[in-house]
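Trainee: Residue numbers (this note's numbering): 15 to 579. Backbone N, C-alpha and C fix where the C-beta goes; we use that ideal spot for every residue, glycine too. From a predicted model like this one, the values you see are computed outputs, not experimental measurements.
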Amino acid sequence: MRVWYLVSVCLVLALVATGCKKEPEPVPEEAVTVKPVLEEPAPEKAASDRKVRGKPALEEPVPEKPALEEASPEKPALEEAVRLNSPSKPAVEETEHFALFMEGKKVGHAIQSRVVADGKVTTTEKVSITISRAAVPVTIDMTETCIETIDGKPLGFEVVQELAAMTMKVAGTVDANDAVNLTTTSMGTEQMSTLEWPSGAVMAEGLRLLQLKKGLKESSTYTAKVFSPGVLQALDAQIRVGAKQNVDLLGRVVALTEVTTILNIPGAGEIVSTSYVDENLRAQKTIMPVAGMQIELVACAKEFALGENDVLEVVEKMFLASPEPLDNLGSVKSITYDLIPTTETSNLIIPSNDNQSVRRLKNGTVIVMVEPVAAPAGARFPYKGRDKAVLEAMKPTRFVQSDHKEIIKLARRAVGRTKDVAEAIKRIEAFVAEYIENKNLSVGYASAVDVAASRQGDCSEFAVLTAAMCRAVGIPAQVVTGVAYVKDFAGLQGFGGHAWTQAYVGGKWVGLDAAFKGTGRGGYDAGHIALAVGNGNPEDFFNLVTTLGQFKIDKVIVNKGQGLK
15 MRVWYLVSVC LVLALVATGC KKEPEPVPEE AVTVKPVLEE PAPEKAASDR KVRGKPALEE
75 PVPEKPALEE ASPEKPALEE AVRLNSPSKP AVEETEHFAL FMEGKKVGHA IQSRVVADGK
135 VTTTEKVSIT ISRAAVPVTI DMTETCIETI DGKPLGFEVV QELAAMTMKV AGTVDANDAV
195 NLTTTSMGTE QMSTLEWPSG AVMAEGLRLL QLKKGLKESS TYTAKVFSPG VLQALDAQIR
255 VGAKQNVDLL GRVVALTEVT TILNIPGAGE IVSTSYVDEN LRAQKTIMPV AGMQIELVAC
315 AKEFALGEND VLEVVEKMFL ASPEPLDNLG SVKSITYDLI PTTETSNLII PSNDNQSVRR
375 LKNGTVIVMV EPVAAPAGAR FPYKGRDKAV LEAMKPTRFV QSDHKEIIKL ARRAVGRTKD
435 VAEAIKRIEA FVAEYIENKN LSVGYASAVD VAASRQGDCS EFAVLTAAMC RAVGIPAQVV
495 TGVAYVKDFA GLQGFGGHAW TQAYVGGKWV GLDAAFKGTG RGGYDAGHIA LAVGNGNPED
555 FFNLVTTLGQ FKIDKVIVNK GQGLK
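#1: Out of Q175, V216, G220 and L320, which has the shortest C-alpha to C-alpha gap to T199?
#2: Leaving aside the five residues before and after P490 along the sequence, list all residues of the same chain whose C-beta is less than 6 Å from its C-beta, in chain order.
#3: Taking the alpha-carbon of V194 as reference, which of L209, N573, A113 and L375 has the nearest alpha-carbon?
#4: Please return the same chain residues whose Cβ sits closer than 6 Å to the Cβ of K433, not counting the five positions on each side in sequence.
#5: Pick helix, strand or coil for Y518, following the three-state DSSP scheme.
#6: Select from F555, A113 and W514 the residue whose C-alpha is nearest the C-alpha of G537.
#7: By DSSP's criteria, I161 is part of a beta bridge. Which residues make up the other side?
#8: If you reduce the DSSP assignment to three classes, tell me which class Q259 lands in.
#9: Assuming G563 and G378 are in contact, meaning their beta carbons sit under 8 Å apart, how far apart are those beta carbons, in whole angstroms?
#10: Alpha carbons only, please: which of G534, D527 and K531 is nearest the one belonging to L544?
#11: From what residue to what residue does the beta strand (DSSP E) around V497 run?
#12: Would you say the region 370-377 touches the region 565-574, given that touching needs at least three Cβ pairs under 8 Å?
#13: Please report the distance separating the alpha-carbon of I253 from that of K134.
#14: Under DSSP, the beta strand (DSSP E) around E210 begins and ends at which residues?
#15: Determine the extent of the alpha helix (DSSP H) in which E272 is found, giving its start and end residues.
#16: Just to confirm before moving on: does the CB-CB distance between C473 and H512 stay below 8 Å?
#17: Is it buried or exposed, A185, if we count other Cβ atoms within 10 angstroms and call 16 or more buried?
#18: Would you call the CB atoms of K258 and A248 closer than 8 Å?
#19: Inspect the beta-carbon positions of G281 and M156 and report whether they are closer than 8 Å.
#20: Taking the alpha helix (DSSP H) that S468 belongs to, which residues open and close that run?
#21: In chain order, which alpha helix (DSSP H) runs of at least 4 residues are fully inside the region 355-382?
#22: Which residues share a DSSP beta bridge with H512?
#23: Using DSSP with H/G/I as helix, E/B as strand and the rest coil, what is E451?
#24: Going by the beta-carbon positions, is the gap between V255 and S289 smaller than 8 Å?
#25: Taking the Cβ atom as the reference point for each residue, do E420 and T480 lie within a distance shorter than 8 Å?
#26: How would you label Q470, buried or exposed, when you count the other beta carbons within 10 angstroms and need 16 or more for buried?
#27: From this set, A504, G525, P410 and A124, which residue's C-alpha is nearest A148's C-alpha?
#28: What span of residues does the alpha helix (DSSP H) with N294 cover, start to end?
#29: With G306 as the anchor, note down where its alpha helix (DSSP H) starts and where it stops.
#30: Can you look up F476 in the DSSP assignment and give me helix, strand or coil?
#31: Are M182 and A467 close, meaning C-beta to C-beta below 8 Å?
#32: Among the candidates A486, V304 and I143, whose CA atom is the shortest distance from the CA of I154?
#33: Within 10 angstroms of the Cβ of Q308, are there 16 or more other Cβ atoms? Answer buried if so, exposed if not.
#34: Within this structure, are the beta carbons of P390 and A436 separated by less than 8 Å?
#35: Is L246 near the ligand SAH, in the sense that its beta carbon is under 7 Å from a heavy atom of that ligand?
#36: Does the Cβ-Cβ distance between V429 and V487 come in under 8 Å?
Spelled out as structure tokens, the structure:
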């Protein structure tokens, strides 16, 4: 059950920005071909009908490097987790491989392993996804390791996210007082923090034991609180056991039991997955809709899982058609959008904020009016108020490292001597628009520190750097994801996935869009529809994944009035 959730985290990172810049330059044909991981050829296959025979899904264990590195004297918080993850005599080891499909095309793989040694259980799950964004291949690799006692008590975990050339690692240990000591490493810089272990939450082994206890009795239901190291949250899951049925596993027909899991994401609704498990409750096939696309994980031979991938272009699939062209958005006062659910089960969660009001009609239609607010004059920074939500938007996070010396240096350089908030955020927006030199779609999702060093990325990189620089000088800021109108992106016209920033100025959240400013559009305008707001961490953006593909824009009403520009 946990692998598909890890897949959804990877997709959040990969799909957050699909329509955020000018039409990209053409890429040579050979540049978009995804090469196989293994040198030996993969089995023949069609894009939507794979047949792989002759090898069981459960493979012989393959020795791999420990997920946690050896501890150093400077890293006492990690020493215990490292010791627990370095068994001297493995008693039990299992490794299973999965092929990952999107829209019928193989786009990656997942690997699960479980090692029991010295009274500890180490579960490692790896996911690799490669998609194409406007003919630019993007690969997201994510590895999650959980260390628990034999009876499922959490001891530690580690998550490694590899996004293009950028890597972020988060390691945590759970002490006797249920405090989680975290170390986040990015670009050679460590960030220490703590959080409280959620009461009653389980990780990989704890969940496995619960599932074994509950069994596979048809129509039975139960709940679990599952801690995800990937997003550092405990999520409520509802699990329902269905009937046993014959399931096609890439040519092998196996009798498996259907298990449906509904995962409740705070502020983002639900993610529903359907798994087909064997008698040992190992999932052999999982189906999950994400952003209007069908995702499948299928157990298979190692050679096929790690073999050649197809090329899946996601930009077109992530675009929403506009009922009419929208021109001169910088001079538009407001736009009202009628959003129509595309399925009967769609429950659209659209946030309201100072720039966007939301109204739901009885027939399910959601009316969204976007009217960008101007930054009030006269406000000073740093912010000295007591609003808890605003204060939260001043803290450094894993992806918005506002306390890093390089971020602080850039922020001070951008704002100069001004102490007026409205002027400062304009300067930061303009600075970031120019600072990121290599504006491309090859970066999956980078942190502010990564962007400051590489000076490359797409709209999500513009957004996290803008937010981090605002916070670095005491201006509350958040990262926003949603859709934004583009007149021509890779031949498409409409609304594509996008990320931008909002800063708190004189009691109002003011929109900033350094990515659009950097391409000559002017910045934030009424052509933006927000779907999620947060601190720049992947878990903040699940509403983008659960909402895209669930609605269409049926009508727009443009109030030309007087815009911000």
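Mentor: In this structure, then:
#1: Q175
#2: Y397, V404, A407, M408 and Y518
#3: Nearest option by C-alpha distance: L209.
#4: R394
#5: Here DSSP, grouped into helix, strand and coil, assigns Y518 to strand.
#6: W514
#7: T136 and G170
#8: strand
#9: Contact doesn't hold; Cβ gap of about 16 Å is too wide.
#10: According to the sequence as given, residue 544 is Ala; it is not Leu. In this structure, D527 is the residue among G534, D527 and K531 with its C-alpha nearest to the C-alpha of A544.
#11: A491 to F503
#12: no
#13: 26 Å
#14: T203 to E210
#15: That residue, E272, is in no alpha helix (DSSP H); its beta strand (DSSP E) goes R266 to I279.
#16: yes
#17: buried
#18: no
#19: no
#20: A462 to S468
#21: none
#22: G496
#23: coil
#24: no
#25: no
#26: buried
#27: A504
#28: Counting along the chain, N294 falls outside any alpha helix (DSSP H), and DSSP gives it neither H nor E.
#29: Looking at the DSSP string, G306 is not in any alpha helix (DSSP H), and its letter there is neither H nor E.
#30: helix
#31: Result no, Cβ atoms of M182 and A467 do not sit closer than 8 Å.
#32: For the options A486, V304 and I143, the alpha carbon positioned closest to that of I154 is the one of I143.
#33: exposed
#34: Taking 8 Å as the Cβ cut-off, P390 and A436 qualify as a contacting pair.
#35: In terms of ligand content, the structure shown is empty, and the ligand SAH therefore cannot be addressed.
#36: yes
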